[in-house]
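One structure is given below, encoded as structure tokens.
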DNA sequence: CCGTAGACAACTCCTCCGGGTTTGTAAACG
DNA sequence: CGTTTACAAACCCGGAGGAGTTGTCTACGG
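Residue numbers (the working numbering), protein chains in the order written: chain A, 99 to 294; chain B, 99 to 294.
Okay, structure coming up:
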């Protein structure tokens with residue numbers, strides 16, 4: 099467990115992000131202060147600034163972290179359905195929907211819950227390419243690699259996955275019944291987009 | 099259609115809604131007060147309450163009014179492309195997107211602009227069936243009637259149009275390039291959903 | 001060299017406090 | 001009927017104050 103690599107530098111960032119996620123889970127984004135993160139990790143406040151830059155960048159880093167987890171989940175879901183694209187993509191949709199529900203960070207970022215609206219919303223609206231575009235590219239790559247039998251061009255995959263992401267976010271903001279029901283509807287849309 | 103019923107009652111409501119829309123366009127939702135509407139229409143404040151019930155119901159009525167306009171636009175767009183479903187639906191998408199941009203009421207309702215967030219957002223999130231479900235039903239009926247050659251079952255039309263609406267709202271909240279570019283992408287998705 | 005501790009101005013946030021406005025309802029009036 | 005008037009409760013606004021935070025800079029120490 100003890101890091102062979104530099105024990106302090108790169109690992110500190112991860113611990114700071116984890117601490118921030120903990121504080122958010124417990125008391126929300128407003129309760130996240132640089133000083134609290136420093137104390138929780140056992141480091142000075144300036145190290146936090148050196149490592150994260152600013153609070154806005156912390157928000158961005160947290161979103162990117164969340165995005166990575168999301169892509170990883172999608173990867174696992176398609177791996178569980180190797181030979182049926184529609185099943186795999188639909189499972190990824192349903193699983194992502196359930197995982198996102200009750201995720202405090204996501205609830206804050208989607209503006210529903212009050213809190214750092216000014217810190218998180220810009221990441222999804224003003225500069226979507228930062229986090230959303232990144233997710234689209236990664237997921238499109240995952241799908242295209244896992245399901246080569248679905249004959250879509252790279253740009254078609256990009257369009258399909260962008261629609262996939264938009265519908266996912268839409269169902270988070272405006273739930274329509276259960277996740278079960280939503281993914282049931284999505285199965286039809288996904289089936290059409292992937293060529294039935 | 100409508101009898102030449104009392105000239106005052108039903109017409110007053112329409113004038114009140116129009117006045118509210120004017121005030122919103124000029125000074126935003128916060129500037130809309132029941133007293134101002136009464137003065138602008140030349141009626142007493144209580145008549146406003148008798149006619150509209152409350153401010154929350156006024157918000158709902160305005161959204162329904164906007165929904166009707168939207169459905170009417172869609173109707174016109176599909177009528178302009180009688181023999182090509184994908185063209186008609188895509189045109190409806192692009193046209194709706196452009197019409198919604200710069201529509202003060204929509205900007206408020208979608209939460210981006212500050213303002214009556216507490217009055218409008220619930221209409222799209224807490225009780226989506228009130229306004230959104232209504233729009234889905236109406237648009238699905240329009241599409242199904244205009245393009246019978248697209249062989250979708252009524253429930254398939256409902257699913258497809260719900261996706262259509264969700265993607266429309268998504269592009270309003272998170273624009274991706276120009277309306278031109280967005281509808282270009284949507285053309286592919288629509289083509290797939292309607293059976294290429 | 002890297003991280004710490006301390007100090008610092010600017011800023012945000014919260015609270016309290018009035019005062020004005022608005023909401024929503026109810027009565028009396030024409 | 002619709003209008004006027006009255007009214008309690010809630011809401012919004014601007015200011016004053018104070019605590020807490022942000023972000024930066026400098027001096028210190030292993």
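Just so you know, even glycine gets a beta-carbon here, dropped at the ideal spot from N, CA and C.
Remember, predicted model here, so these are calculated numbers, not experimental data.
Task: Extent of the continuous alpha helix (DSSP H) to which residue 179 of chain B belongs - done: Counting from one through the second chain, the residue named residue 179 of chain B turns up at place 81. No alpha helix (DSSP H) contains residue 179 of chain B, which DSSP labels as neither H nor E.
Open item on the list: Taking the straight line between their C-alpha atoms, what separation do you get for residue 196 of chain A and residue 202 of chain A?
Closed with: On the first chain, residue 196 of chain A is found 98 positions in, with the first residue counted as 1. On the first chain, residue 202 of chain A is found 104 positions in, with the first residue counted as 1. Straight-line Cα distance between these residues: approximately 13 angstroms.
Open item on the list: Could you compute how far the alpha carbon of residue 185 of chain A sits from the alpha carbon of residue 261 of chain A?
Closed with: Looking up residue 185 of chain A in the first chain gives position 87. Looking up residue 261 of chain A in the first chain gives position 163. Cα to Cα, the separation comes out at about 17 angstroms.
Open item on the list: Just to confirm my understanding: we take residue 259 of chain B, look at its own chain, exclude 5 residues before and 5 after, and list those with CB closer than 8 angstroms. What are they?
Closed with: For this step, residue 259 of chain B is matched to residue 161 along the second chain. Once the five neighbours on either side are set aside, the close Cβ partners of residue 259 of chain B are 234, 237, 238 and 241.
Task: Cβ neighbour criterion (16 or more within 10 Å) applied to residue 181 of chain B - done: Looking up residue 181 of chain B in the second chain gives position 83. When all chains shown are included, residue 181 of chain B counts as exposed.
Task: Length of the line joining the Cα atoms of residue 257 of chain B and residue 285 of chain A - done: By one-based count along the second chain, residue 257 of chain B stands at place 159. By one-based count along the first chain, residue 285 of chain A stands at place 187. Whole-angstrom Cα-Cα distance: 10 angstroms.
TODO: Report the rounded CA-to-CA distance for residue 219 of chain B versus residue 294 of chain B, giving the unit in angstroms.
DONE: As a first step, residue 219 of chain B must be located in the second chain, where it is residue number 121. As a first step, residue 294 of chain B must be located in the second chain, where it is residue number 196. Each residue's alpha carbon lies about 35 angstroms from the other.
Task: Burial state of residue 145 of chain B, where buried means 16 or more other Cβ atoms lie within 10 Å - done: Taking the first residue of the second chain as position 1, residue 145 of chain B is located at position 47. Buried, since its Cβ has 16 or more Cβ neighbours within 10 Å.
Task: Under 7 angstroms by beta carbon: chain B residues contacting residue 261 of chain A - done: Here residue 261 of chain A refers to the residue found at position 163 when the first chain is read from its first residue. Think of a sphere of 7 angstroms around the beta carbon of residue 261 of chain A: the chain B residues whose beta carbon falls inside it are 265 and 287, in chain order.
- [ ] Starting from residue 209 of chain A, find everything on chain B with Cβ-Cβ shorter than 8 angstroms and list it in chain order.
- [x] Against the first chain, residue 209 of chain A aligns to sequence position 111. Those are 209, listed as they occur along chain B.
- [ ] Indicate whether at least one CB of chain B lies closer than 9 angstroms to the CB of residue 188 of chain A.
- [x] In the first chain, counting from the first residue as 1, residue 188 of chain A sits at position 90. Closer than 9 angstroms to the CB of residue 188 of chain A there is not a single CB belonging to chain B.
- [ ] For residue 209 of chain A, count neighbouring C-beta atoms within 10 Å of its own C-beta (all shown protein chains included) and say buried if the count is 16 or more, exposed if not.
- [x] As a first step, residue 209 of chain A must be located in the first chain, where it is residue number 111. A buried status is given to residue 209 of chain A, since no fewer than 16 other beta-carbon atoms sit within 10 Å of its beta-carbon.
TODO: Check each candidate in A:252, A:269 and A:248 and name the one with the smallest Cα separation from residue 290 of chain A.
DONE: For the purposes of this step, residue 290 of chain A is taken as the residue at position 192 of the first chain. Among A:252, A:269 and A:248, the Cα nearest to that of residue 290 of chain A is on A:248.
Open item on the list: For chain B, check one thing: does any of its Cβ atoms lie closer than 9 angstroms to the Cβ of residue 291 of chain A?
Closed with: Within the first chain, the letter at position 193 stands for residue 291 of chain A. Yes, residue 291 of chain A counts as interfacial toward chain B.
Task: Beta-carbon neighbours of residue 223 of chain B, restricted to chain A and to distances below 9 angstroms - done: Residue numbering aside, residue 223 of chain B sits at position 125 when the second chain is read from its first letter. Here the neighbours are 210, 271, 272 and 273.
TODO: Step through the CB atoms of chain A and report whether any lies within less than 9 angstroms of the CB of residue 112 of chain B.
DONE: Residue mapping note: residue 112 of chain B aligns to position 14 of the second chain, counting from 1. With its beta carbon at least 9 angstroms from every one in chain A, residue 112 of chain B lies outside the interface.
Open item on the list: Can you give me the C-alpha to C-alpha distance between residue 281 of chain B and residue 188 of chain B, rounded to a whole angstrom?
Closed with: For the purposes of this step, residue 281 of chain B is taken as the residue at position 183 of the second chain. For the purposes of this step, residue 188 of chain B is taken as the residue at position 90 of the second chain. Residue 281 of chain B and residue 188 of chain B have their alpha carbons spaced roughly 7 angstroms apart.
TODO: Between the Cα of residue 246 of chain B and those of B:176, B:269 and B:142, spot the shortest distance and give me the residue it belongs to.
DONE: Taking the second chain and counting its residues from 1, one reaches residue 246 of chain B at position 148. Nearest of B:176, B:269 and B:142 to residue 246 of chain B, Cα basis: B:176.
- [ ] Say whether chain B places a C-beta atom closer than 9 angstroms to the C-beta of residue 130 of chain A.
- [x] Here residue 130 of chain A refers to the residue found at position 32 of the first chain. Residue 130 of chain A does not count as touching chain B.
TODO: Report the option in A:158, A:121 and A:150 whose CA atom is closest to the CA atom of residue 110 of chain A.
DONE: Within the first chain, the letter at position 12 stands for residue 110 of chain A. Of the residues A:158, A:121 and A:150, the one whose Cα lies closest to the Cα of residue 110 of chain A is A:150.
- [ ] State the start and end residues of the unbroken alpha helix (DSSP H) segment that holds residue 144 of chain A.
- [x] The residue labelled residue 144 of chain A in the question sits at position 46 within the first chain. For residue 144 of chain A, the uninterrupted alpha helix (DSSP H) run begins and ends at 143 to 150, by DSSP.
Open item on the list: Between A:148, A:147 and A:198, which has its C-alpha nearest residue 164 of chain A's C-alpha?
Closed with: Against the first chain, residue 164 of chain A aligns to sequence position 66. The candidate whose alpha carbon is nearest that of residue 164 of chain A is A:198.
- [ ] Determine the direct distance from the alpha carbon of residue 118 of chain A to that of residue 136 of chain A, and round the result to whole angstroms.
- [x] The residue given as residue 136 of chain A occupies position 38 in the first chain. The residue given as residue 118 of chain A occupies position 20 in the first chain. A straight line joining the alpha-carbon of residue 136 of chain A with that of residue 118 of chain A spans about 10 angstroms.
Task: Span separating the alpha-carbon of residue 224 of chain A from that of residue 271 of chain A - done: Reading the first chain from its first residue, position 126 is the one you call residue 224 of chain A. Reading the first chain from its first residue, position 173 is the one you call residue 271 of chain A. Computed Cα separation, rounded: 18 angstroms.
Open item on the list: Here's a check: name, in chain order, each residue in its chain whose Cβ is nearer than 8 angstroms to the Cβ of residue 178 of chain B, leaving out the five neighbours to either side.
Closed with: The residue labelled residue 178 of chain B in the question sits at position 80 within the second chain. Once the five neighbours on either side are set aside, the close Cβ partners of residue 178 of chain B are 186 and 189.
- [ ] Determine the extent of the alpha helix (DSSP H) in which residue 265 of chain A is found, giving its start and end residues.
- [x] By 1-based counting over the first chain, the position of residue 265 of chain A is 167. According to the DSSP assignment, residue 265 of chain A belongs to the alpha helix (DSSP H) that extends over 252 to 271.
Open item on the list: Only counting the same chain, and skipping five residues up and downstream in sequence, which positions put a Cβ closer than 7 angstroms to that of residue 156 of chain B?
Closed with: Counting from 1 along the second chain, the entry for residue 156 of chain B is found at position 58. Once the five neighbours on either side are set aside, the close Cβ partners of residue 156 of chain B are 118 and 150.
Open item on the list: Out of A:161, A:131 and A:162, which one is the CA nearest neighbour of residue 147 of chain A?
Closed with: The count along the first chain starts at 1 and reaches residue 147 of chain A at position 49. The shortest C-alpha separation from residue 147 of chain A is found at A:131.
TODO: Note down the Cα distance separating residue 114 of chain B from residue 207 of chain A, rounded to an integer number of angstroms.
DONE: Along the second chain, read from residue 1 onward, the residue named residue 114 of chain B stands at position 16. Along the first chain, read from residue 1 onward, the residue named residue 207 of chain A stands at position 109. Within the model, the alpha-carbon separation for residue 114 of chain B versus residue 207 of chain A is close to 37 angstroms.
Open item on the list: Taking the straight line between their C-alpha atoms, what separation do you get for residue 255 of chain B and residue 277 of chain B?
Closed with: Taking the second chain and counting its residues from 1, one reaches residue 255 of chain B at position 157. Taking the second chain and counting its residues from 1, one reaches residue 277 of chain B at position 179. Between residue 255 of chain B and residue 277 of chain B, the C-alpha separation is close to 24 angstroms.
Open item on the list: Can you tell me whether residue 217 of chain A is buried or exposed? The criterion is at least 16 other CB atoms within 10 Å of its CB, across all chains shown.
Closed with: By 1-based counting over the first chain, the position of residue 217 of chain A is 119. Residue 217 of chain A should be labelled buried.
Task: Within-9 angstroms CB hit, residue 196 of chain B to chain A - done: Counting from 1 along the second chain, the entry for residue 196 of chain B is found at position 98. So, not an interface residue.
TODO: With a threshold of 16 other CB atoms inside 10 Å of the CB of residue 268 of chain B, please say whether the residue is buried or exposed.
DONE: Residue numbering aside, residue 268 of chain B sits at position 170 when the second chain is read from its first letter. Here residue 268 of chain B is buried. Its C-beta has 16 or more other C-beta atoms within 10 Å.
Open item on the list: Along the region 235 to 257 of chain A, where does the CB come closer than 8 angstroms to a CB of chain B? Name the residues.
Closed with: Result list: 254 and 257.
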